[in-house]
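Note sheet for the following structure.
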Amino acid sequence: MGFPINRPRRLRRNETLRRMIRETRLGPDDLIQPYFVCPGRDVKKPISAMPGIAQMSVDLVLREARETHAAGVPAVILFGIPSRKDATGSEAWNENGEVQRAIREIKQHVPGLAVITDVCMCEYTDHGHCGVIKNGDVDNDATLELLVREALSHVRAGADMVAPSDMMDGRVGAIRTAFDEEGFADKPIMAYSAKFASAFYGPFREAAESAPQFGDRRSYQMDPPNGDEAMREIALDLEEGADIVMVKPALAYLDLIYRAKHEFNVPIAAYNVSGEYSMIRAAGINGWLDEERATLEVLTAIKRAGADMILSYFATKVAQHLR
Ligand code: PBG
């Protein structure tokens with residue numbers, strides 16, 4: 005039955021009716037805040053391509069963690085910028101590294117905030133790739149061992165969850181096996197399962213000082229046109245023991261968030277990545293759009309597509325606004 009019996013506008017007439025009809029509600033619980041942890045004390049280095057975001061030393065990360073927690077955001081994800089890089093990224097499993105110290109500080113002083121760690125080599129290698137290089141390419145199987153060491157050092161420091169982001173084959177299984185053998189059977193893995201070789205990571209590479217020094221990441225990150233392959237990657241990670249699977253980036257891949265939710269019915273994370281943040285901030289700063297509304301619209305869309313949790317540089321700010 006159509007018009008004039010049906011008039012969809014009846015339910016849009018005022019904010020009270022719209023509140024009753026609203027299908028998707030974004031709240032602080034949906035969000036995860038990323039931090040970049042750098043060496044030193046009282047250090048805050050703004051990232052020019054991400055206005056409002058900075059690398060911070062452990063003491064300042066702790067201060068921000070208190071704010072994030074107070075805003076009602078349940079979790080943070082940590083990225084480390086080491087003082088020293090080498091060919092194998094050996095700082096990644098230093099028990100006194102930036103990330104490991106930040107984990108201990110946060111868990112001691114803000115125990116209610118979940119600490120997730122990004123597990124990858126690219127911030128720690130001098131060549132900027134996500135694993136060890138053999139014959140000009142990243143060697144998959146040799147990298148697994150290093151990722152396991154890094155992941156173990158994070159849970160030993162007290163991390164609540166690890167998030168491998170390197171896209172090596174078999175890394176979820178390798179980390180799961182090591183955790184189970186070493187007494188960490190209870191630590192969940194959030195796998196960056198469908199991670200695409202995206203231009204939208206550009207600003208992050210300045211933030212994490214992790215741009216590849218030669219070539220690009222297309223031999224390990226996914227080719228953006230491939231959706232079926234993304235579903236196969238997710239299936240493999242679930243078989244290997246992933247507890248949460250991620251689609252990344254979020255905005256250009258909303259169809260895959262939707263498919264993943266419907267095909268697997270497991271917890272889905274989506275990463276609202278650096279380029280997605282910077283685009284909105286740039287337009288906002290220039291007065292080209294209403295930044296606050298655009299941010300809420302985008303994050304709500306990611307949730308509507310099927311994401312159960314959203315990693316976003318806007319997390320704390322949005323949560324403060326929503327409270
Ligand atoms: C590490 C990693 C990257 C991001 C998260 N983990 C960068 C990359 O793969 O180049 C991107 C996050 C963002 O852009 O916000 N491998």
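Each residue of the sequence shown is one higher than the one before, starting from 5 at the first, in the numbering used here. Where is the CB? At the ideal position from N, CA and C, for every residue including glycine.
Legend entry - Environment of M171 [buried if 16+ CB atoms lie within 10 Å]: The residue is buried, with at least 16 neighbouring Cβ atoms inside 10 Å.
Inset, instruction - Could you confirm whether any beta carbon from chain B is found closer than 8 Å to the beta carbon of M250? - result: The question asks about chain B, but that chain is absent: this structure has only one protein chain.
Inset, instruction - Can you have a look at S316 and say buried or exposed, based on whether 16 or more other CB atoms are within 10 angstroms of its CB? - result: buried
Inset, instruction - Examine ligand 1 and report whether any of its heavy atoms sits within less than 7 Å of the Cβ of V77. - result: Because no heavy atom of ligand 1 lies under 7 Å away, the Cβ of V77 does not count as near it: no.
Legend entry - D247 - DSSP class collapsed to helix/strand/coil: In the structure shown, D247 sits in coil (DSSP, three-state: anything other than H, G, I, E or B).
Inset, instruction - Pull up the distance between the alpha-carbon of A264 and that of D241, whole angstroms please. - result: 12 Å
Inset, instruction - Report the rounded CA-to-CA distance for R67 versus L117, giving the unit in angstroms. - result: 13 Å
Legend entry - Host alpha helix (DSSP H) of K111 (start-end): Start and end: E102 to H113.
Inset, instruction - Go through its chain and collect everything with a Cβ distance to D46's Cβ below 8 Å, but skip five positions before and after it. - result: S61, D63 and L64
Legend entry - Continuous beta strand (DSSP E) stretch holding G84: start and end: A79 to G84
Inset, instruction - Whole angstroms is fine: what's the gap from A178's alpha carbon to P168's? - result: 11 Å
Inset, instruction - Quick one: which unbroken beta strand (DSSP E) runs of 3-plus residues sit fully inside the stretch 214 to 301? Chain order, please. - result: 248 to 252 and 272 to 276
Legend entry - Best match in F268, A256, E237 and A163 for proximity to V302 [C-alpha to C-alpha]: A256
Inset, instruction - Kindly indicate which residue of K321, Y128, F218 and N98 has the alpha-carbon position closest to the one of T92. - result: The shortest C-alpha separation from T92 is found at Y128.
Legend entry - Same chain, Cβ closer than 7 Å to Q225, five either side skipped, listed in chain order: Same-chain partners within the cutoff: M171, K199, F200 and A201.
Legend entry - Whole runs of the beta strand (DSSP E) within the stretch 162 to 201, excluding any shorter than 3 residues: 165 to 168 and 194 to 199
Legend entry - Local Cβ density within 10 Å of H113, reported as buried at 16 or more and exposed below that: H113 comes out exposed.
Inset, instruction - Evaluate T181 with the Cβ neighbour count: other Cβ atoms within 10 Å of its Cβ, from every protein chain shown; 16 or more gives buried, anything less gives exposed. - result: T181 is exposed by the Cβ-count criterion.
Inset, instruction - Within the same chain, show all residues whose beta-carbon is closer than 7 Å to that of E109, passing over the 5 residues directly before and after it, in chain order. - result: V62 and L66
Legend entry - Backbone secondary structure at D122 - three-state DSSP: strand
Legend entry - Proximity of I238 and P271 at Cβ, strictly below 8 Å: no
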